[in-house]
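For the sequence shown, the numbering used here assigns the number 68 to the initial residue and increments by one for each residue that follows.
Where is the CB? At the ideal position from N, CA and C, for every residue including glycine.
Since the structure is predicted, the reported quantities are computational estimates derived from the model, not experimental observations.
Working notes, beginning with the structure itself.
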Amino acid sequence: MAKLTKKQKEAHAKIEKDKLYSVEEASALVKEITKTKFDASVDLAVRLGVDPRKANQMVRGVVTLPHGTGKDVKVLALVTPDKEADAKEAGADYVGLNEYLDKIKGGWTDVDVIITMPSVMGKLGPLGRVLGPRGLMPNPKTGTVTMDVGKAVSDVKAGKIDFKVDKTGIVHAAIGKASFSADKIAGNAKELLDTLLKLKPAAAKGVYMKSIYMSSTMSPSVQLDPKTV
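What follows is the structure, given as structure tokens:
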């Protein structure tokens with residue numbers, strides 16, 4: 068095991084062993100122990116009492132973080148000419164159709180979110196092998212396949228994120244930046260956790276939120292008390 072640096076030891080020392088923190092306490096502590104020279108991302112990892120292999124226990128959804136993500140999200144709007152003005156006005160970074168489909172076929176994926184229309188989805192099907200592994204394939208369930216392209220772009224720019232439980236039963240999500248105030252980090256964390264609670268599958272038995280950890284890029288994780296959510 069690699070030796071911890073002096074800063075890493077100091078960070079670990081500030082986390083009380085076996086203590087379960089409230090959302091507010093964890094948000095303040097993660098800010099305190101983050102010592103990176105760049106603006107680190109703050110992440111939540113929530114282990115759920117579900118079996119993702121069963122369709123009736125899949126947890127997937129979207130949430131608009133009240134204080135945004137702190138990230139400049141690059142949006143590609145793949146739309147027909149009649150929707151281009153709406154997408155541009157809403158702040159899409161790239162707007163068009165065939166020229167961008169050709170770029171994606173060539174391997175270009177320099178965007179964070181792709182928003183499109185139902186009538187265009189047929190053209191995206193063959194690009195699944197490029198977009199799927201990168202999590203870029205639009206999906207009606209996440210609001211990225213819609214006729215209201217302008218609203219979809221605005222929502223993403225304002226801090227709307229989508230999440231999905233992974234095969235181990237954990238939901239990972241970035242909820243802001245270390246430069247945010249502790250109150251803003253806590254506000255975003257609570258919004259995500261409240262949304263997850265509302266999505267509890269009826270088929271999930273026993274404890275739903277088994278464990279919650281908050282961390283920033285390169286920081287140790289802080290365990291939250293699920294009972295305080």
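Once DSSP output is grouped into helix, strand and coil, what is the label at residue 236?
Locating residue 236 in the sequence shown gives position 169, counting from the first residue. DSSP places residue 236 in coil when its eight states are reduced to three.
Contact check, residue 126 vs residue 232 under 8 Å by CB: the rounded distance?
Indexing the sequence shown from 1 puts residue 126 at position 59. Indexing the sequence shown from 1 puts residue 232 at position 165. Confirmed, about 4 Å.
In whole angstroms, give me the CA-to-CA distance for residue 219 and residue 142.
Looking up residue 219 in the sequence shown gives position 152. Looking up residue 142 in the sequence shown gives position 75. Cα-Cα distance, rounded: 10 Å.
Per DSSP, residue 221 forms a beta bridge with which residues?
Counting from one through the sequence shown, the residue named residue 221 turns up at place 154. Residue 221 pairs with nothing; no bridge assigned.
Looking at C-beta atoms only, is the number of pairs between the region 236-255 and the region 96-112 that lie closer than 8 Å three or more?
A contact exists between the region 236-255 and the region 96-112.
Looking only at its own chain, which residues have a Cβ that is under 6 Å from the Cβ of residue 89, when we skip the five neighbours before and after it?
The count along the sequence shown starts at 1 and reaches residue 89 at position 22. Same-chain partners within the cutoff: 295.
Using the Cα positions of residue 262 and residue 121, report the straight-line distance between them to the nearest angstrom.
Counting from one through the sequence shown, the residue named residue 262 turns up at place 195. Counting from one through the sequence shown, the residue named residue 121 turns up at place 54. Each residue's Cα considered, the two are about 21 Å apart.
Restricting to Cα atoms, I'd like to know which of 86, 101, 111 and 92 is closest to residue 240.
For the purposes of this step, residue 240 is identified with residue 173 of the sequence shown, where counting begins at 1. The shortest C-alpha separation from residue 240 is found at 111.
Rounded to whole angstroms, what is the Cα-Cα separation between residue 131 and residue 244?
Walking along the sequence shown from the start, residue 131 turns up at place 64. Walking along the sequence shown from the start, residue 244 turns up at place 177. Going by the C-alpha atoms only, they are around 15 Å apart.
Report the residue from 291, 286, 116 and 290 whose alpha carbon sits nearest the alpha carbon of residue 76.
Your numbering for residue 76 matches position 9 in the sequence shown. When each option's Cα is compared against that of residue 76, the closest is 286.
Strictly by DSSP, which residues pair up with residue 231?
Along the sequence shown, one-based indexing puts residue 231 at 164. According to DSSP, residue 231 bridges with 127.
Considering only C-alpha positions, which residue in the set 135, 190, 115 and 78 is nearest to residue 253?
Numbered from 1 along the sequence shown, position 186 holds the residue referred to as residue 253. Residue 135 is the option with its Cα nearest to residue 253.
Fully enclosed by the region 150-228, which beta strand (DSSP E) runs are 3 residues long or longer?
For the region 150-228, whole beta strand (DSSP E) runs of length 3 or above, ordered along the chain, are 161-163 and 180-183.
Could you check the C-alpha separation between residue 208 and residue 74 for me, to the nearest Å?
Sequence index remark: in the sequence shown, residue 208 carries index 141 (1-based). Sequence index remark: in the sequence shown, residue 74 carries index 7 (1-based). Cα to Cα, residue 208 sits roughly 42 Å from residue 74.
Rank 274, 154 and 78 by C-alpha distance to the C-alpha of residue 100 and give the top, closest one.
Taking the first residue of the sequence shown as position 1, residue 100 is located at position 33. The shortest Cα separation from residue 100 among 274, 154 and 78 belongs to 78.
The alpha helix (DSSP H) with residue 250 in it runs from where to where?
As a first step, residue 250 must be located in the sequence shown, where it is residue number 183. It spans 249-265 - the alpha helix (DSSP H) in which residue 250 sits, taken as one unbroken run.
So, for residue 115: in the same chain, excluding its five sequence neighbours on each side, which residues have a beta-carbon less than 8 Å away from its beta-carbon?
In the sequence shown, counting from the first residue as 1, residue 115 sits at position 48. The answer, listed in chain order, is 126, 232, 236, 237, 238, 263, 271, 275, 276 and 277.
When the Cα of residue 176 is compared with those of 160, 84 and 203, which residue comes out closest?
As a working note, residue 176 is residue 109 in the sequence shown. Nearest of 160, 84 and 203 to residue 176, Cα basis: 203.
DSSP three-state label for residue 83, please.
Counted from its first residue, the sequence shown places residue 83 at position 16. Residue state, collapsed to three classes: coil.
Suppose the cutoff is 6 Å on Cβ atoms and the five residues either side in sequence are ignored; what does the same chain contact list for residue 151 look like?
In the sequence shown, residue 151 corresponds to position 84, counting from 1. Closer than 6 Å at Cβ, skipping near neighbours: 162.
Report all residues from its chain with a CB closer than 8 Å to the CB of residue 224; omit the five preceding and five following residues, and keep chain order.
Taking the sequence shown and counting its residues from 1, the one referred to as residue 224 is at position 157. The answer, listed in chain order, is 140, 142, 157 and 158.
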